[in-house]
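Read through the structure below, which is laid out as structure tokens, and then see the notes.
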Amino acid sequence: MPSDGEAGRPEWDQDEADDFVGLMVLVGVTYLEADGETVGSQAQYYGRIVSVDQIKGIEVACDGKWVGTTMTLPPALRSLHHARPGQYRLRSTGETIEDPDLTTSFTVVAPLKS
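First residue of the sequence shown? That's 6 in the working numbering, and the numbers climb one at a time after it.
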């Protein structure tokens with residue numbers, strides 16, 4: 006039985022996951038240095054969710070500058086948020102996306118060098 010997460014909801018709900026397939030998602034990723042504070046770089050991309058799997062993660066078929074690329078996000082359903090209607094400008098590419106269905110963001114910390 007899956008463990009309960011926030012508000013008593015299970016950590017993974019495949020029916021909920023399946024509802025995300027086909028939706029347009031705007032993704033932001035911040036890459037931090039090993040100190041966990043210094044921003045090394047930031048990336049933004051968007052595309053359609055093509056699959057959602059508890060083990061493999063959330064696969065996004067990218068559009069725009071990254072068309073032809075498939076990005077994989079962690080299998081974190083709670084990281085997907087319904088987007089407010091409007092235009093979203095990607096600072097990293099200059100592209101403007103109109104009315105995406107979802108937004109999400111992640112922070113990646115570089116490993117300590119030994």
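All C-beta atoms, glycine included, are put in the ideal place defined by N, C-alpha and C.
Assigned with DSSP and collapsed to three states, E21 falls in helix. The C-beta distance from Y51 to V30 rounds to 7 Å, short enough to fall under 8 Å. Going by C-alpha positions, T98 is about 30 Å away from Q59. Residue state for R83 is assigned as helix, using DSSP reduced to three classes. Of all alpha-carbon atoms in S110, Q92, V113 and T112, the one lying nearest the alpha-carbon of E103 is that of Q92.
Beta-bridge annotation (DSSP): I60 is not paired with any residue.
The shortest CA-to-CA distance from Q19 to any of T109, E100 and P80 is the one to P80. Nearest to S84 by alpha-carbon distance, out of I63, D23, K70 and S119, is I63.
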